[in-house]
Amino acid sequence: MNFKLKDLGPQLITVIAVVLIFGFFTYNAQINMENRGIDFGYGFLSQESSFDVQFSLIEYDGSHSYFRAYLVGLLNTILVSVIGIIIATILGVVVGVARLSPNYLINKFAAYYVEFFRNIPLLLQIFFWYFAALRALPLPQDAEAIFGVFFLTIKGLYVPAFIWENFNIFFYSIVASIIAIIVIRIHAKKLQESQGKQIPVFLISIGLLFILPLFSFLIGGVSLSFEIPQLKQLAATSFVYDGGLSLPPELIALTLSLSLYTATFIAECVRAGIQGVSKGQKEAAASIGLNPNQVLKLVIMPQALRIIIPPTTNQYLNLTKNSSLAAAIAYPDLVLVFAGTALMQTGKAIEIVSITMFTYLSLSISISILMNWYNKRIAIQEK
Amino acid sequence: MSNINFLKPDKSNLKTFLYLGSFLFFISVLDVFLNSFFNVNLTGFLPNLLSFLLPLILGFIGLYFVRIEYSGIKQLDLINKHINTNNFNAILSLLIIFVIIKSVPPILSWFVIDASFAGDSKDVCSGSGACWTYIKVWMRRFMYGMYPNAEQWRINLSFIALALLGSVGYFATNRYKKYLTLYYVVIYPLIAFLFIFFFISGGPVFFDFSYGIIAAILSIIIGFFIPSKFKFYYFLIVPFALYILLKYFLFFEEYIELGKLDGLNWVETGAWGGLSLTFIISFFCLIFCFPVGMAFALGRRSSFPLIRYISIGFIEFWRGVPLITVLFMSAVMFPMFLPADFFIDKLVRCIIAISLFEAAYVAEVIRGGLQALPRGQYEAAKSLGMGYWKMHIFVILPQALKLVIPGIANTFLALVKDTPLIFVVGLLEIVGMLNLAKTNPEWLGFAMEGYVFAAIIFWIICYAMSKYSYNLEIKYKTDR
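Keeping their order, the protein sequence lines are chains A and B.
Letter 296 of the first sequence, counting from 1, is numbered 497 in our numbering, and no numbers are missing.
Letter 303 of the second sequence, counting from 1, is numbered 1661 in our numbering, and no numbers are missing.
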């Protein structure tokens, strides 16, 4: 073993310093808590929370526990992040590709979009959408229907709700079609490798995805009806929409600003990725007789994705963390529900802040593990 | 003249196609233009949907007609190459042109034509446009927060002085250039702190400003006679030693009155706010996060496993949590970790929290630069007999930092954009002040103006910073 006394010194000093700092903090925390009569512990999680949350994905009211409130906040955070990530990815890819367009107008338009939205603080954008832009929407009674079923009002977006019968059969049919698609893909790959034949996998997949669920409607007894929001009068001047799903304005403002902001960064990643594939690759692919679609799908994209994915993962993480700004406009996410209301009620600062931080830490780490796994799968297999 | 095939515009009938195409295109643009600027609908007699889509269809046919390759007309070829390569691009170009024409009048009328600038009460804002009067009336609050009006010259004075002192680097001649790093890393932040502590805060004199100045000037004068070998250590130690000597040993209590700045009222940090607070916080966080980040970047690449793991833990922890929870921690949790009689100001806690948070990001950026350097640089430095610190200070870091200028600039930009988050601890910089002003019962309903105003300010700051970093990148670019 290569052991050196010289190497031990700096390490020992650092460790002692860290231990001393932490010891100092815990010692003070203990004394402070004793003085204030607070006891440390996570028992409060099972107590009754006795506060309400505006918007929740699971059933929740004041009689549920603090842990349930925590779950409500966490689910709301995940909801915003997932919607935001999906929209930001689509928008980011479109803008990133547009920035490489030979069309001067599109190119400049995309460039101005990126320069504009990335240089304004996210919090300001959230405030702008929530307090200024969405407040200019009509009241429920004045709202005009979009396509006859959507209602965009100052109190939120109302969309029709799906009412399923025999939903499980429909679900199984989708699972069955996905399995069938995977089988066909494997088969097609084998066929191509052994005999060089190509079958239109994409068309078959789309067909399967439609036909099997269709059968479930025709034979399986699945039926789907919509519940369209109806205007209901509460008082002389107070109207709401009843029925259907309602998305609160906080959620709309938050997803809108998060995805518009993050899309600018994703667009830059996409642009860098596509530019990073050398021109020779494209020319070489064209010269062996691939058509433009194949060039993009088989040669450019696999290489560009390798460059795009790591920084894009970072942007997904950023979006998830930035969703905590929800607290500023009272969208009941983890920070507002748990680190805000629950903290005020219980006064358990250390426990609650540590749980919140730990949750975000594990969210970040799980996203980065997932993306690392994907990144490894598509990375160059070097020999 | 040969036969005209309208489905295939070609060069032989160039003139016909050119006139026809540009006429159709002109008509379509004119229709949209009249519609949006003068509210005239030329095609009102048509069914609704057709009337709506007609400009698009006409423009599309027009662009289709002029799409003739190698026409020999320079402008036409340019247009075809840039906005009219194929059908899809033509439609997109048309849409963009129409969107621009459509959106100019409402934006222009909101910003300028219908907007009200004059007056100083809400009554003048009756039009449909923006109410810039609101911004004008609240300007002081947006710039200085709750800082007393009569004392605001102190902020202005300090900022002007600091800006002048900060621009010293531009005027330094070659002879003094070698001191610039020392100046910007140690002396300038110190002066800035003193300015902010004495002028803006009007603090009690435990850290006497005049002694600091005297110590600095004396040590610089003596510094010229010190051999260059010891200069670094000299400037590291002597100014502080001199300061302590001056304060505690040479001048006695009765002399303190001479160095005291009289007549300045104490303004607590809770009253600071507005754009000036944004600047103060960004400035100190920038200064603190950089060395901390550098230390952790080096720590993460250290050969000592314990130091490495501690650095990794630190970096990954701060990078994994949102800033808002960090600020929550600094506000509610951190006081629990300190002795009961030990009080740290809210603003200072905030600055520490943001600095540590951004330091983790800076560390990762610098690590990228360290990793990008070829091994040969390390080996060459070692073969010259340099130790760890010498190698990093003189060989590795200058090159690595040069490589990561864009990354560091991005982190700094993120920092500036993160400053509004301090509303969590109750400090109100410009965005916070906007939210406060918006709820004032006398000035309800002007949220839009406020946010647009702040957005313009932040945009200018961030854009200037990114352009500056781009210039730096060009300036320090060395070809390998």
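All C-beta atoms in this analysis are idealised placements derived from N, C-alpha and C, irrespective of residue type, glycine included.
query: Residue interval of the beta strand (DSSP E) (run including G357 (chain A)); result: 357 to 360
query: Counterpart residues of A346 (chain A) in DSSP-defined beta bridges; result: A:F352
query: Residue of B:S1486, B:N1793, B:F1475, B:L1452 minimising C-alpha distance to W1468 (chain B); result: B:S1486
query: Beta-carbon separation (whole angstroms), F225 (chain A) vs M234 (chain A), contact threshold 8 Å; result: At roughly 15 Å, the Cβ-Cβ gap does not stay under 8 Å, so F225 (chain A) and M234 (chain A) are not in contact.
query: Residue environment, S374 (chain A), which counts as buried when at least 16 other CB atoms sit within 10 Å; result: buried
query: Cβ of P1764 (chain B) within 8 Å of any chain A Cβ; result: no
query: Option nearest L246 (chain A) by Cα separation, candidates A:I566, A:V471, A:A543; result: A:A543
query: Opening and closing residue of the beta strand (DSSP E) in which S555 (chain A) lies; result: That residue, S555 (chain A), is in no beta strand (DSSP E); its alpha helix (DSSP H) goes 550 to 579.
query: CB contact flag (F588 (chain A), G274 (chain A), <8 Å); result: Residue 588 (chain A) cannot be examined here, being either before or after the span of chain A that is shown, 202 to 584.
query: Three-state secondary structure assigned by DSSP to W330 (chain A); result: helix
query: Burial state of F1446 (chain B), where buried means 16 or more other Cβ atoms lie within 10 Å; result: exposed
query: Near-chain A residues of the stretch 1468 to 1488 of chain B - C-beta to any C-beta below 8 Å; result: none
query: Cα-Cα separation between E1639 (chain B) and S424 (chain A), rounded to whole angstroms; result: Looking at the sequence shown, residue 1639 (chain B) is not Glu but Ile. Each residue's alpha carbon lies about 59 Å from the other.
query: Expected contact under 8 Å - CB spacing of L459 (chain A) and G285 (chain A) to nearest Å; result: 4 Å
query: Proximity test, Cβ basis, 8 Å: V216 (chain A) and chain B; result: yes
query: Spatially closest choice to F440 (chain A) from A:A333, A:Y305, A:A344, A:F332, by CA coordinates; result: A:A344
query: Beta-carbon proximity of L325 (chain A) to L526 (chain A), cut-off 8 Å; result: no
query: Chain B within 8 Å of F539 (chain A), Cβ atoms only; result: no
query: Residue environment, E1615 (chain B), which counts as buried when at least 16 other CB atoms sit within 10 Å; result: Because the pLDDT of E1615 (chain B) is 49, which lies under 50, any placement of that residue in the model is unreliable, and the question is left without a value.
query: Three or more C-beta pairs below 8 Å linking the stretch 1623 to 1642 of chain B and the stretch 1542 to 1562 of chain B; result: yes
query: Length at least 4, wholly inside the stretch 1661 to 1737 of chain B: the alpha helix (DSSP H) runs in chain order; result: 1663 to 1678, 1681 to 1686, 1704 to 1730
query: Contact list for V1690 (chain B) against chain A, beta-carbon separation under 8 Å; result: L544, A550, V554
query: Residue nearest to F318 (chain A) in terms of C-alpha spacing, selected from A:Q231, A:I379, A:Y462; result: A:Y462
query: Own chain residues within Cβ distance below 7 Å of T1769 (chain B), not counting five before or after; result: E1716, Y1719, V1720, V1723
query: Chain A contacts from the stretch 1804 to 1822 of chain B (Cβ-Cβ distance under 7 Å); result: A1805, M1806, Y1809, A1812, A1813, F1816, W1817, C1820, Y1821
query: When B:A1508, B:I1673, B:P1693, B:D1368 are compared against I1426 (chain B), the one with the closest alpha-carbon; result: B:D1368
query: Alpha-carbon to alpha-carbon, N367 (chain A) and L415 (chain A); result: 14 Å
query: Partners in chain A for V1789 (chain B), counting only beta-carbon separations shorter than 8 Å; result: P322, L324, L325, F328
query: Minimum Cβ-Cβ distance from P1697 (chain B) to chain D less than 8 Å; result: Chain labels in this structure do not include chain D; the protein chains are A and B.
query: Touch test, the stretch 551 to 566 of chain A against the stretch 1681 to 1689 of chain B, Cβ-Cβ under 8 Å, three pairs minimum; result: yes
query: Listed by chain order, chain A residues near F1781 (chain B) by CB distance under 9 Å; result: L324, A529
query: Local Cβ density within 10 Å of Y1534 (chain B), reported as buried at 16 or more and exposed below that; result: exposed
query: Spatial distance of L1453 (chain B) from I1465 (chain B) (CA atoms); result: 18 Å
query: Chain B contacts made by the stretch 435 to 449 of chain A, where a contact means CB separation under 8 Å; result: none
query: Beta-carbon contacts of Y271 (chain A) that lie in its chain and below 6 Å, excluding the five residues immediately before and after; result: F539
query: Nearest candidate by alpha-carbon position, reference I1459 (chain B), set B:Y1492, B:S1386, B:R1512; result: B:S1386
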